[in-house]
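Chemist: If you count the sequence shown from 1, position 91 lands on 91 in the numbering used here, and the numbers rise without skipping. Glycine is no exception: its CB is placed at the ideal position from the N, C-alpha and C atoms. Since the model is a prediction, treat every value here as computed from it, not as a measurement.
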Amino acid sequence: MTEGTPVGEDSASDALPEGAVDVVVIGGGGAGLNGALMLARSRRSVVVIDSGSPRNAPAEAVHGLLALDGTPPSEVLRRGREQVRQYGGRVVHDEVVSAEPAAPSADGDLRFSVTLADGRSITARRILVATGLTDVLPEVPGLAEHWGHSVVHCPYCHGWEVRDEPIGVLATGPASIG
Ligand SMILES: Cc1cc2nc3c(=O)[nH]c(=O)nc-3n(C[C@H](O)[C@H](O)[C@H](O)COP(=O)(O)OP(=O)(O)OC[C@H]3O[C@@H](n4cnc5c(N)ncnc54)[C@H](O)[C@@H]3O)c2cc1C
1 MTEGTPVGED
11 SASDALPEGA
21 VDVVVIGGGG
31 AGLNGALMLA
41 RSRRSVVVID
51 SGSPRNAPAE
61 AVHGLLALDG
71 TPPSEVLRRG
81 REQVRQYGGR
91 VVHDEVVSAE
101 PAAPSADGDL
111 RFSVTLADGR
121 SITARRILVA
131 TGLTDVLPEV
141 PGLAEHWGHS
151 VVHCPYCHGW
161 EVRDEPIGVL
171 ATGPASIG
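Structure below.
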């Protein structure tokens, strides 16, 4: 996977629409795509801009998500993009570098100007920010290589996969004991 290409098989990027859209969704992980799905189904014009680095990319499968438990993250996102597109939403592969207030419409409604890394820009009535989190891993030798596999971040997501095995806990705060 190259940076800027969302994980999944549908690597084509949609065209950026001309003119203003109702909503630009910044981030096309599960949160952004689900928001886009609801907006598109509400007949809003919606464009998802995604830089293609979902937090759970290292994991082999998503767990605890009803009906999709065990599905690779890339497949969940591929299906999500497909569903957003079914309702007219667009998914553009790029990174948003700025989102700023623009001159309001004649009737005073808000407008935002969203600029992408490749220099293109788009105007939106509203912005939904769903950029997720970036894990900053501690500098423990070997940890980064095993992140998402034998080093897991969440007992609810991956506790079952390491059940009955000896575990070590990297405690970073009082809640770690729990
Ligand atoms: C290894 C691992 C395994 C996990 N497994 C599970 C699991 O099994 N079950 C579970 O419920 N949760 C799991 N999680 C938590 C999981 O990360 C979240 O549930 C889910 O990914 C959050 O979705 P999100 O859309 O908020 O963020 P993300 O999935 O991180 O998506 C954010 C998206 O926004 C994009 N983005 C960021 N900045 C910009 C920008 N400026 N312009 C354009 N795009 C941008 C990113 O590239 C990314 O594609 C796991 C986390 C990790 C680290």
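1. With V24 and A171 assumed to form a contact (beta carbons below 8 Å), what rounded beta-carbon distance in angstroms separates them?
2. Please look up how many angstroms separate the CB atoms of V46 and I122, rounded, as I've assumed it's under 8 Å.
3. When burial is assigned at 16 or more other CB atoms within 10 Å of the CB, is D50 buried or exposed?
4. Once the 5 residues before and after T71 are set aside, which same chain residues still bring their CB inside 7 Å of it?
5. Can you give me the Cβ contacts of E3 inside the same chain, cut-off strictly under 8 Å, excluding the 5 residues immediately before and after it?
6. Is S176 helix, strand or coil when you go by DSSP?
7. Where M1 and E100 are concerned, what is the direct C-alpha to C-alpha distance, given to the nearest angstrom?
8. Is the closest heavy atom of ligand 1 to the C-beta of D50 under 7 Å?
9. According to DSSP, simplified to helix, strand and coil, what is R90?
Modeler: Let's see:
1. In the sequence shown, residue 24 corresponds to position 24, counting from 1. In the sequence shown, residue 171 corresponds to position 171, counting from 1. Their Cβ separation, rounded to whole angstroms, is 40 Å, which puts V24 and A171 out of contact at 8 Å.
2. Along the sequence shown, one-based indexing puts residue 46 at 46. Along the sequence shown, one-based indexing puts residue 122 at 122. Going by Cβ atoms, the distance from V46 to I122 rounds to 11 Å, so no, they are not a contact pair.
3. Here residue 50 refers to the residue found at position 50 when the sequence shown is read from its first residue. D50 comes out buried.
4. Along the sequence shown, read from residue 1 onward, the residue named residue 71 stands at position 71. So the list reads A61 and V62, once near-sequence residues are dropped.
5. The residue given as residue 3 occupies position 3 in the sequence shown. The predicted position of E3 is uncertain, since its pLDDT is 44 and thus under 50; no value can be drawn from it.
6. For this step, residue 176 is matched to residue 176 along the sequence shown. Correct three-state label for S176: helix.
7. Walking along the sequence shown from the start, residue 1 turns up at place 1. Walking along the sequence shown from the start, residue 100 turns up at place 100. Because M1 sits at a pLDDT of 39, beneath the cut-off of 50, its placement in the model cannot be relied upon, and the point is left open.
8. Position 50 of the sequence shown, counting from 1, holds the residue named residue 50. Correct: D50 has its Cβ closer than 7 Å to ligand 1.
9. Within the sequence shown, the letter at position 90 stands for residue 90. Reduced to three states, the DSSP call for R90 is strand.
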